[in-house]
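Residue numbers (full-length UniProt numbering): 1 to 493.
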């Protein structure tokens, strides 16, 4: 049989079979489909009562938090020490990072860092040190049976570190590699420059590491920082795991009581000024899309309007169902990704940020759409459905942040570090539940001012049509992100 005739025969057979199959496989759907799951009653969330850790304050000012958790035979500990990168001098930005890295790798007078690695590895244990924005820290973890040995090494490292030059130089090389690569990614550039515009380029929450500032840090600086900060009035100790609190408290008292009280570290108090409504551009010729960020100052968690701002944030940019994602990404199709956050930090303003990644040709359209959504947030209060959904999402995600004793311990330590009341978590649920649509509209108009928002775009200027000047927000400012070379003619990493 010729091939074409064979195909025709098969097609005819299929034509005869299809109606029969359609009759049996595709019955007519009812006009109104029953959805019984919508009738299931949803009970209210139970009262939020996290298990509170046992709190003890020693005579030298050290605060202990003990959280028993007997599910697994592990014990985890953290020592939080006041004083971080926000407090280091402008000429030595990077000091805290170098301190946190060199502290652990150098070891102590009795055991160097490499040998300590071997000892801990044999026990499947760990001791780590790090430097953060507001604090430095030491964390350790071990099996219950190895606690005494690992804890003894932790205290030895806390009280008798020996900062070594070879480890400092290695830590410097790692930071310098990051400096050399910091302009590789357009999104990272946009985020970094947005923080500098929101806070100011010399603000401790936005300033950058440079080769010169890293190079300036010495062993003497590391030792001075340690001596200045490792005193009783600066330290919070937190333990969670399989232990008896009474017995553990006795061990901790014996280990930490000899530390002198010292003087409590006073962090630098930065000043904050709202950014000006400018358009700022970073040219990156090796990309075919733009990263757009609209940025301004946020708030502090101590703000009485924090609950309403949290719900506002969820309505505006909290996930795929939020206004900015649904309109700019889904309906208008102007961005690959869209997100935002009205930031709230514990002891200084966070950052309000709305950002999108878009094609070069739609840069201006996407930016205008983001600005329009910000205006809409101020003029259109959330509908009852939007409000209910946002509050449910905020509360449901909140619960999962504190669904274990270890997580609750971490939050209580943070609250104590920044001086917040111990019942802050318990108040959060009722605070969110009380938020109304009018509250959301009120805080949107009170805290969001488009005359105090700046635009940052990182992209390929030759492909951005129409130009950024058509945004009508004034002269476009070109940002210089050139990396200053290492001092003394040293080659960059």
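Each residue gets a CB set at the ideal place from its N, CA and C atoms; glycine is no exception.
All of these numbers come straight from a predicted model, not from anything done at the bench.
The three-state secondary structure of residue 196, taken from DSSP, is helix. In this structure, the alpha-carbon of residue 411 lies about 8 angstroms from that of residue 402. Around the beta carbon of residue 291, 16 or more other beta carbons sit within 10 angstroms, so the residue counts as buried.
Under the 10 Å beta carbon count, residue 105 is surrounded by 16 or more other beta carbons and is classified as buried. Annotation for residue 218: no alpha helix (DSSP H) segment contains it, and DSSP assigns it neither H nor E. Per DSSP, residue 451 is not a residue of any beta strand (DSSP E), being assigned neither H nor E.
The beta carbon of residue 110 is closer than 7 angstroms to those of 156 in its chain, skipping five residues each way along the sequence.
According to DSSP, residue pairing for residue 342 in a beta bridge involves 352.
The C-beta distance from residue 50 to residue 242 rounds to 19 angstroms, too long to meet the 8 angstroms contact threshold. In the three-state reduction of the DSSP assignment, residue 254 falls in the helix class.
Looking at the DSSP output, residue 305 bridges to nothing. Residue environment for residue 37: exposed (fewer than 16 other C-beta atoms within 10 angstroms of its C-beta). Of all C-beta pairs linking the region 463-473 to the region 356-373, three or more are shorter than 8 angstroms, placing the two stretches in contact.
Taking C-beta atoms under 8 angstroms as the contact rule, residue 308 and residue 440 qualify, at a distance of about 6 angstroms. In the three-state reduction of the DSSP assignment, residue 396 falls in the helix class. With contacts defined by Cβ atoms closer than 9 angstroms, residue 325 and residue 334 do not form a contacting pair. Counted as a single uninterrupted DSSP element, the alpha helix (DSSP H) harbouring residue 147 occupies residues 147-159. Our two residues, residue 450 and residue 310, have alpha carbons roughly 19 angstroms apart in a direct line. Residue 232 and residue 58 do touch by the CB rule: their CB atoms are close to 7 angstroms apart, below 8 angstroms. In this structure, residue 168 sits near residue 217, with a CB-CB distance shorter than 9 angstroms. Residue 232 carries a helical assignment under DSSP once its states are collapsed to helix, strand and coil. Here the alpha carbon of residue 139 sits roughly 26 angstroms from the alpha carbon of residue 208. Listed in chain order, the alpha helix (DSSP H) elements of length 4 or more contained wholly in the region 268-321 are 306-317. At a Cβ-Cβ threshold of 9 angstroms, residue 237 and residue 256 count as neighbours.
DSSP, read as helix, strand or coil, puts residue 58 in coil. Contiguous beta strand (DSSP E) elements confined to the UniProt domain "Peptidase M16 N-terminal" (68-198) occur at 74-82, 126-131 and 135-143, taking only those with 3 or more residues. Residue 154 and residue 414 have their C-alpha atoms roughly 21 angstroms apart. About 6 angstroms separates the beta carbon of residue 454 from that of residue 280, a gap short enough to meet the 8 angstroms contact definition. Taking residue 196 as the centre and dropping the five residues before and after it, the same chain places the C-beta of 206 closer than 7 angstroms to its C-beta, in chain order. By the criterion of a C-beta distance shorter than 7 angstroms, residue 113 is surrounded in its chain by 104, 105, 106, 107 and 167, once the five residues flanking it on both sides are discounted.
Per DSSP, the unbroken beta strand (DSSP E) holding residue 476 starts and ends at 476-478. When DSSP reads this structure, residue 456 sits in a beta bridge with 280 and 293. Counting of Cβ neighbours within 10 angstroms places residue 391 among the buried residues, the total reaching 16 or more. Leaving aside the five residues that flank residue 487 on each side, the residues in its chain whose CB is nearer than 8 angstroms to its CB run, in chain order, 211, 212 and 215. Note on geometry: alpha-carbon atoms of residue 443 and residue 383 lie some 16 angstroms from one another. Going by DSSP, residue 432 is part of the alpha helix (DSSP H) stretching over 424-433.
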